[in-house]
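Note sheet for the following structure.
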Amino acid sequence: MEKMMRAMVLDRCAPLSENPTPLRPAELPVPIPRGDEILIEVKACGVCRTDLDEIEGRTAPAFFPIVLGHQAVGVVRGRGDQARRFAEGARVGAGWIHSSCGECEYCLNDRENLCSRFEATGRDAPGGYAEYMVIRENFAAPLPESLSDAAAAPLLCAGAVGYRALRLSGLTDGGALGFSGFGASGHLVLQAARVLYPRSGLYVFARSPEQRRFALSLGADWAGGFDDAPPRPLDAIIDTTPVWKPLVRLAPRLKPGGRFVINAIRKETVDNEILATIEYEKHLWLEKEIKSVANVTRRDIEEFLELAGRAALAPAVAVYPLAEANRALNELKSGDQRGAKVLVM
Ligand SMILES: [Zn+2]
Ligand SMILES: [Zn+2]
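Residue numbering for the sequence shown follows the working numbering, starting at 867 and increasing by one per position.
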């Protein structure tokens, strides 16, 4: 008889406001690892804003029903006949990159995140909101011993994509870095920036006083609202908010040549009209740049995990049982939660 597992599945896209319980508990067959795949017994899986983008259709899944989840931590319980990299029992993580073609100009030049055949875990293939999942062994990452399952999960996307945003910001040590929004990604990237750029000033823009206090407690030099003036102009700003107001308010805070890095797979459309207030002189003149962050490479994940282990990064996590995935998603959508949400199996 087929071995079965518990999972939470998505049947269709709809706004959370119309369907506040988008995920349905299901019993599915445990997947069988083939070729170079490994079978992972999932212990914890992070909940990400991109899951909301999938649920609400801004980046729709490739098929339905689908198991979401792209920050999965677990233990290797099976291997395909060509899988050699991990022993059974090894602890591994699976992030947003599920596979890429391996042969295009992007894959061959350390930009596999831009591959036209990029496939995402939990969008183009079943993910970690389940007791088991499979992934090709070279797309799984070994995990540092020092991190618990729940603490490691948010490093795989919030942390790794945030780390990519930090790389793309072009910051050098001593430069001034702003954070637009301060949630699961921001609180990890701020800690990473403290380690990588010890002489830099770190300035956090966040809506809620609680988020600002949290930022200051983690080593931010300043925290304020989106209309407040930071103590100095900024070399770069990393934006993790789902809306446009931060770009319009904060681009004028950039130095000449400064860069505004948007770390979001999609923006919501609720405040689109504010974009019409962008003024070339104020927001873009003097070689200011706006850049997006797309996906993540295996290098981003592995480098960030290594840094997290070395620097003993401490992700703040809020843990939910798998069956309460809908509650975690609704609390993420309503905002103002500090740290990262993680489902445990
Ligand atoms: Zn994510
Ligand atoms: Zn490719």
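Beta carbons: idealized from backbone N, C-alpha and C, even for Gly.
### Query
How would you call F930, buried or exposed, if buried means at least 16 neighbouring beta carbons within 10 angstroms?
Residue mapping note: residue 930 aligns to position 64 of the sequence shown, counting from 1. Answer is exposed; the Cβ neighbour count stays below 16.
### Query
Using DSSP with H/G/I as helix, E/B as strand and the rest coil, what is K1199?
Taking the first residue of the sequence shown as position 1, residue 1199 is located at position 333. K1199 falls in the helix class under three-state DSSP.
### Query
Cα separation between R977 and M867?
Within the sequence shown, residue 977 is the residue found at index 111, counting from 1. Within the sequence shown, residue 867 is the residue found at index 1, counting from 1. R977 and M867: Cα-Cα distance of roughly 43 Å.
### Task
Give a single yes or no on whether C914 has its beta carbon closer than 6 Å to a heavy atom of ligand 1.
Position 48 of the sequence shown, counted from the start, is the residue given in the question as residue 914. Within the chosen limit of 6 Å, ligand 1 reaches the beta carbon of C914 through at least one heavy atom.
### Task
Measuring alpha carbon to alpha carbon, tell me which of D902, L1179, L1195 and R951 ends up nearest P1010.
As a working mapping, residue 1010 is identified with position 144 in the sequence shown. The shortest C-alpha separation from P1010 is found at L1179.
### Query
Which one of G901, F1071 and R983 has the shortest CA to CA distance from R945?
Looking up residue 945 in the sequence shown gives position 79. Check the Cα spacing between R945 and each of G901, F1071 and R983: the tightest is with G901.
#### Entry: Counted within 10 angstroms of its Cβ, other Cβ atoms place L1022 as buried (16 or more) or exposed
Mapped onto the sequence shown, residue 1022 falls at position 156. By the 10 Å Cβ count, L1022 comes out buried.
### Message
Counting C-beta neighbours from all protein chains within 10 Å, is the total for P927 16 or more, i.e. buried, or is it exposed?
### Response
Here residue 927 refers to the residue found at position 61 of the sequence shown. Taking all protein chains shown into account, P927 has 16 or more neighbouring C-beta atoms within 10 Å of its C-beta and is therefore buried.
### Message
Below 8 Å on the Cβ atoms is my contact criterion, and I expect A912 with A1019 to pass it. Report the Cβ-Cβ distance as a whole number of Å.
### Response
As a first step, residue 912 is located in the sequence shown; it is residue number 46 there, counting from the start. As a first step, residue 1019 is located in the sequence shown; it is residue number 153 there, counting from the start. The amino acid at residue 912 is misidentified as Ala; the sequence shows Gly. Confirmed, Cβ separation roughly 4 Å.
### Query
According to the neighbour-count rule (16 or more other Cβ atoms, all chains shown, within 10 Å of its Cβ), is K869 buried or exposed?
Taking the sequence shown and counting its residues from 1, the one referred to as residue 869 is at position 3. Exposed: under 16 other Cβ atoms inside 10 Å.
### Task
Check whether the Cβ atoms of V939 and A986 sit closer than 7 Å, and answer yes or no.
Numbered from its first residue, the sequence shown carries residue 939 at position 73. Numbered from its first residue, the sequence shown carries residue 986 at position 120. The answer is no: Cβ separation not under 7 Å.
### Task
Check each candidate in V1114, F1126 and P1097 and name the one with the smallest Cα separation from E1145.
Position 279 of the sequence shown, counting from 1, holds the residue named residue 1145. Minimum Cα distance to E1145 is reached at V1114.
### Local conformation of K1121 per DSSP, three classes
Here residue 1121 corresponds to residue number 255 of the sequence shown, with the count starting at 1. In the structure shown, K1121 sits in a strand (DSSP, three-state: E or B).
### Query
Is C911 near ligand 1, going by C-beta to nearest heavy atom under 6 Å?
Within the sequence shown, residue 911 is the residue found at index 45, counting from 1. No - ligand 1 has no heavy atom lying nearer than 6 Å to the Cβ of C911.
### Message
Please output, in chain order, the residues near ligand 2 using a CB cut-off of less than 7 Å to any non-hydrogen atom of the ligand.
### Response
Counting only residues whose CB is nearer than 7 Å to a non-hydrogen atom of ligand 2, the list in chain order is S966, C967, G968, E969, C970, Y972, C973, E978, C981, S982 and R983.
### Task
In the DSSP assignment, find the alpha helix (DSSP H) that holds F1090 and state where it starts and stops.
Translated into the one-based positions of the sequence shown, residue 1090 becomes position 224. Position check: residue 1090 holds Gly in this sequence, whereas Phe was assumed. From DSSP, G1090 is part of no alpha helix (DSSP H) but of the beta strand (DSSP E) over W1088 to G1090.
### Query
So G1205 and A1189 are in contact, right, with Cβ under 8 Å, and what is the actual spacing, rounded?
Indexing the sequence shown from 1 puts residue 1205 at position 339. Indexing the sequence shown from 1 puts residue 1189 at position 323. 21 Å between Cβ atoms; not a contact.
### Message
Distance check for T1038 and P1064, CA to CA, integer angstroms please.
### Response
Within the sequence shown, the letter at position 198 stands for residue 1064. Within the sequence shown, the letter at position 172 stands for residue 1038. Between P1064 and T1038, the C-alpha separation is close to 10 Å.
### Query
When the Cα atoms are used, what is the spatial distance from R878 to T887?
As a position in the sequence shown, residue 878 is number 12, starting the count at 1. As a position in the sequence shown, residue 887 is number 21, starting the count at 1. Straight through space, the alpha carbons of T887 and R878 are spaced by roughly 11 Å.
### Task
List the residues that DSSP assigns as beta-bridge partners of D1105.
What you label residue 1105 is simply residue 239 of the sequence shown in a count that begins at 1. BP columns for D1105 point to S1046 and I1128.
### Query
A1042 and L1100: beta carbons closer than 7 Å?
If you number the sequence shown from 1, residue 1042 lands on position 176. If you number the sequence shown from 1, residue 1100 lands on position 234. Yes, they are a contact pair.
### Message
Can you give me the C-alpha to C-alpha distance between K1121 and K1154, rounded to a whole angstrom?
### Response
Counting from one through the sequence shown, the residue named residue 1121 turns up at place 255. Counting from one through the sequence shown, the residue named residue 1154 turns up at place 288. Distance between the alpha carbons of K1121 and K1154: 8 Å.
### Neighbour-count burial assignment, W1110, 16 or more Cβ in a 10 Å radius
Along the sequence shown, one-based indexing puts residue 1110 at 244. Sixteen is the threshold: when 16 or more other Cβ atoms of the shown chains lie within 10 Å of the Cβ of W1110, as they do, the residue is buried.
### Query
Is it right to say Q948 is buried, meaning 16 or more other beta carbons lie within 10 angstroms of its own, or is it exposed?
Looking up residue 948 in the sequence shown gives position 82. Exposed, by the Cβ-count rule.
### Message
How far does the alpha helix (DSSP H) with S1158 in it extend, from its first residue to its last?
### Response
Reading the sequence shown from its first residue, position 292 is the one you call residue 1158. Careful: S1158 lies outside any alpha helix (DSSP H), inside the beta strand (DSSP E) at E1155 to S1158.
### Cβ-heavy atom distance, C879 to ligand 1, below 6 Å
Position 13 of the sequence shown holds residue 879. Answer for C879: no, Cβ out of range of ligand 1.
### Task
Assign I906 to one of two classes, buried (16 or more other C-beta atoms within 10 Å of its C-beta) or exposed (fewer than that).
Looking up residue 906 in the sequence shown gives position 40. Buried, by the Cβ-count rule.
### Status (buried if at least 16 other CB within 10 Å, exposed otherwise) for P1136
As a first step, residue 1136 is located in the sequence shown; it is residue number 270 there, counting from the start. Before going further, note that residue 1136 is Val rather than Pro in the sequence given. With fewer than 16 Cβ atoms within 10 Å of its Cβ, V1136 is classed as exposed.
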